[in-house]
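Before any comments, here is the structure.
Number of protein chains: 2
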Amino acid sequence: MTARRSDTTRAAILAAARERFATDGFERATIRAIAADASIDPAMVMRYYGNKEALFAAAADFDLRLPDLTGVPTGEIGTRLARHFLHRWDTDEALVALLRAAVTKEGAAERMRIIFATQLGALVARHAPAPEEAPVRAGLVATQMLGFALCRYALRLPPVVGLSPDEAVAWLAPTIQRYLTGTPD
Amino acid sequence: MTARRSDTTRAAILAAARERFATDGFERATIRAIAADASIDPAMVMRYYGNKEALFAAAADFDLRLPDLTGVPTGEIGTRLARHFLHRWDTDEALVALLRAAVTKEGAAERMRIIFATQLGALVARHAPAPEEAPVRAGLVATQMLGFALCRYALRLPPVVGLSPDEAVAWLAPTIQRYLTGTPD
DNA sequence: ACCATATGCCAACAAGCGTTGACCTGAGAC
DNA sequence: GTCTCAGGTCAACGCTTGTTGGCATATGGT
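Those sequence lines, one after another, are chains H and S.
To get the numbering used here, take the position in the first sequence, counting from 1, and add 1.
To get the numbering used here, take the position in the second sequence, counting from 1, and add 1.
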């Protein structure tokens, strides 16, 4: 497959879509606005992506890219995971886009569920004391990490926005660690 | 002010609005659908609440109703707060409604910020080791509690939905406790 | 009985949305 | 040079939305 002339246009549309979906959510982000951002006609968006739903699917397609933590000392996993999440969230708009959409769109929520169940679930299963606890532990990790993302990137609670990455990791890591390998009180 | 005949209609509209906003979010919940749920004409909604924005404000008007925890042993506050949040969230649709809206509407996000900064901030200030740390500690508590609510009521992650209230409190309480009175690691 | 008024319904408006099809335009193949 | 077709523009469609004003009806005070 050789590069076509239209590839730059496709990329521009996708970049604009990611930005709009991330800041406005699915329903408030309009095809017309995305097209304007990409300096293109709205009809082009339809031609290249079919419809708004499919465009969103393309824009919010991502991977948690969880690192391989085999060999890492058990006690460090919380820190490593917290740091990874923070960095990942800071550098990929698609995550915020999916988060914003997942709150009101069942289809997006389903994608979120699958991503966290499979990707995070698999990692947790490798480190949880008992394998059958893995789903619950992964779910708990999700509550803390998604909650942090929600407050920092979507709601923008000032004290949470003000935390430096290192401070954030220092606070979150023990929580993650306990959800992964600890016990309820 | 004596009771008017229209009060039952007003209440029916408000109840329908809360439900729609809670399940659909602000933009997907339509005046027409709310009116249909309340078995009245859409024009009535406008007459009684002015516009959609004001209707939402009335439907999402609520209070965290945080308990007075003075005198409670310091070590128990985490448990008490976790239990209170869980119960509160389970019994008031307005909380989910505001959460869903806050993710995509700046006005709703602002309300969320104010509620958590003032109501939760005040409680935290009374128990935090140093008063100047209160905002950050309140913010951290918010990340965990809102994250839990997000995963349980909005995203409906199965393992999180499956937790019994007691299990949930047992897992969350130590986290809340550490954010309130503990130290980062 | 009568009237003022609160309550409610109906029809319509303007605006914005996703989406479509017809029509240009310019580059590359022959 | 001409033909072809992908790349791009334009105007319009059908639909839904929030919102409005006019009109019917029921209520309750006198």
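Positions of the beta carbon are idealized from the N, C-alpha and C atoms, including for glycine.
Residue of the options minimising C-alpha distance to residue i
| i | options | result |
| --- | --- | --- |
| Trp172 (chain S) | H:Pro68, H:Tyr49, H:Ala139 and H:Gly72 | H:Ala139 |
| Ala44 (chain H) | H:Val137, H:Pro68 and H:Thr10 | H:Thr10 |
| Ala58 (chain S) | S:Phe22, S:Gly76, S:Ala135 and S:Pro132 | S:Phe22 |
| Glu168 (chain H) | S:Pro166, S:Ala169 and S:Glu134 | S:Glu134 |
| Ile116 (chain H) | H:Ala129, H:Leu96 and H:Ala131 | H:Leu96 |
| Leu151 (chain S) | S:Val46, S:Phe63, S:Trp90 and S:Gly72 | S:Trp90 |
| Pro132 (chain S) | S:Ala98, S:Met113, S:Arg157 and S:Leu181 | S:Leu181 |
| His128 (chain H) | H:Ala110, H:Pro74 and H:Gly148 | H:Pro74 |
| Ala61 (chain H) | H:Thr31, H:Pro136 and H:Ala103 | H:Ala103 |
| Ala98 (chain H) | H:Thr184, H:Ala174, H:Arg29 and H:Asp186 | H:Arg29 |
| Pro159 (chain S) | H:Glu77, H:Ala143, H:Thr184 and H:Val46 | H:Ala143 |
| Ala174 (chain S) | S:Phe27, S:His85, S:Arg33 and S:Ala36 | S:His85 |
Residues near residue i in its chain [Cβ-Cβ closer than 6 Å; skip 5 each side]
| i | result |
| --- | --- |
| Gln145 (chain S) | Thr176 |
| Gln178 (chain H) | Gly79 |
| Pro185 (chain S) | none |
Interface residues of chain S facing residue i [CB-CB closer than 9 Å]
| i | result |
| --- | --- |
| Leu121 (chain H) | By Cβ distance, chain S contributes nothing, its closest Cβ being about 10 Å from Leu121 (chain H), past 9 Å. |
| Arg101 (chain H) | Val104 and Thr105 |
Same chain, Cβ closer than 7 Å to residue i, five either side skipped, listed in chain order
| i | result |
| --- | --- |
| Ala39 (chain S) | Ala13, Ile14 and Ala17 |
| Leu87 (chain H) | Pro166, Ala169 and Val170 |
| Asp42 (chain S) | Ala36 |
Under 9 Å by beta carbon: chain H residues contacting residue i
| i | result |
| --- | --- |
| Asp25 (chain S) | Thr105 |
Neighbouring residues, chain S, relative to residue i (Cβ below 8 Å)
| i | result |
| --- | --- |
| Gly108 (chain H) | Simply none; closest approach about 12 Å. |
| Ala155 (chain H) | Ala103, Val104 and Ala110 |
Extent of the continuous alpha helix (DSSP H) run through residue i
| i | result |
| --- | --- |
| Asp25 (chain H) | Asp8 to Arg29 |
| Gln178 (chain S) | Pro166 to Thr182 |
| Ala37 (chain H) | Ile32 to Asp38 |
| Phe149 (chain S) | Ala135 to Ala150 |
| Leu124 (chain S) | Gly122 to His128 |
| Leu109 (chain H) | Note that residue 109 (chain H) corresponds to Ala in the displayed sequence, not to Leu. Run containing Ala109 (chain H): Glu107 to Ile116, per the alpha helix (DSSP H) assignment. |
| Val97 (chain H) | Glu94 to Ala103 |
Partners in chain S for residue i, counting only beta-carbon separations shorter than 7 Å
| i | result |
| --- | --- |
| Asp186 (chain H) | Ala171, Ala174 and Pro175 |
| Gly72 (chain H) | None at all; the shortest Cβ gap to chain S is about 22 Å. |
| Glu54 (chain H) | Near Glu54 (chain H) there are no residues of chain S at all, since even the closest Cβ is about 14 Å away, more than 7 Å. |
| Glu28 (chain H) | Glu28 and Arg29 |
| Leu141 (chain H) | Trp172 |
Residues near residue i by beta carbon distance below 8 Å, same chain, minus five either side
| i | result |
| --- | --- |
| Glu20 (chain S) | Asp38 and Glu94 |
| Ser7 (chain H) | Tyr49 |
| Leu100 (chain H) | Met113, Leu147, Ala150, Leu151, Tyr154 and Ala155 |
| Gly183 (chain H) | none |
Using a Cβ distance threshold of 8 Å, determine whether the segment 74 to 84 of chain H contacts the segment 41 to 58 of chain H, with at least three qualifying pairs required. Counting Cβ pairs under 8 Å, fewer than three are found: no touch.
Between the segment 62 to 71 of chain S and the segment 121 to 133 of chain S, are three or more C-beta pairs nearer than 8 Å? yes
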